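Take a look at the structure set out below.
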Amino acid sequence: MSEVSSDRFGTGPLQHADRVIAAAAAQAAATADGTTAATVDTDADAQDSQQSNGVVTNLSLSGDSYRVDIGSTPLGSDITRIVGGVRWSPALSAFSRLNLVAERRAVTDSLLSYVGVKDQLTGTTWGGR
46 MSEVSSDRFG
56 TGPLQHADRV
66 IAAAAAQAAA
76 TADGTTAATV
86 DTDADAQDSQ
96 QSNGVVTNLS
106 LSGDSYRVDI
116 GSTPLGSDIT
126 RIVGGVRWSP
136 ALSAFSRLNL
146 VAERRAVTDS
156 LLSYVGVKDQ
166 LTGTTWGGR
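Numbering (the numbering used here), first residue to last: 46 to 174.
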């Protein structure tokens, strides 16, 4: 297995495999002809570093027993989603409340999960949902 990260992640293994097969075919053809095949780089194309810029919007309204908010994932990225939520907390007694919550939030653990990433080799966009 190759030590190059682009050969191990995303669509890199497919591109790497295609190039290994093509190099093997060229080597076999050269051997049949009695010539020497040229050395071919079989590593997949490296992906560029991942970064994204954009502006996040958010508007909220809250009171003693409620909160409502609406916003977006970063505007200006390939994928923009509406996010927000509603919380209603009516008092059941002097010492207890009932919390009802409905929300759609963005997962911000990585660039892929937050705004999505476009695979430069296939053009497919992943994540950001």
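Positions of the beta carbon are idealized from the N, C-alpha and C atoms, including for glycine. For clarity, every value in this text was computed on a predicted model and none was experimentally measured.
Asked: Less than 8 Å between the beta carbons of R126 and S134, yes or no?; Found: no
Asked: Work out the CA separation of L143 and L137 for me, nearest whole Å.; Found: 7 Å
Asked: Judging by CA-CA distance, which residue of I124, P119 and S107 is the nearest neighbour of G130?; Found: S107
Asked: I'd like to check one pair, I124 with G168: are the Cβ atoms closer than 8 Å?; Found: no
Asked: Under a Cβ-count criterion, where at least 16 other Cβ atoms within 10 Å of its own Cβ denotes burial, should G173 be classed as buried or exposed?; Found: buried
Asked: At which residues does the beta strand (DSSP E) containing L106 begin and terminate?; Found: N103 to S107
Asked: Taking the continuous beta strand (DSSP E) assigned at L137, which residues delimit it?; Found: A136 to S138
Asked: Return the first residue and the last residue of the beta strand (DSSP E) that S97 is part of.; Found: Careful: S97 lies outside any beta strand (DSSP E) and carries neither H nor E.
Asked: Please work out which residues of its chain come closer than 6 Å, Cβ to Cβ, to I115, disregarding the five sequence neighbours upstream and downstream, and give them in chain order.; Found: L104 and G129
Asked: Taking the alpha-carbon positions, what's the A74 to R149 distance?; Found: 58 Å
Asked: Cβ of S155 within 8 Å of Cβ of S122?; Found: no
Asked: May I ask you to report which of helix, strand or coil DSSP gives D154?; Found: coil
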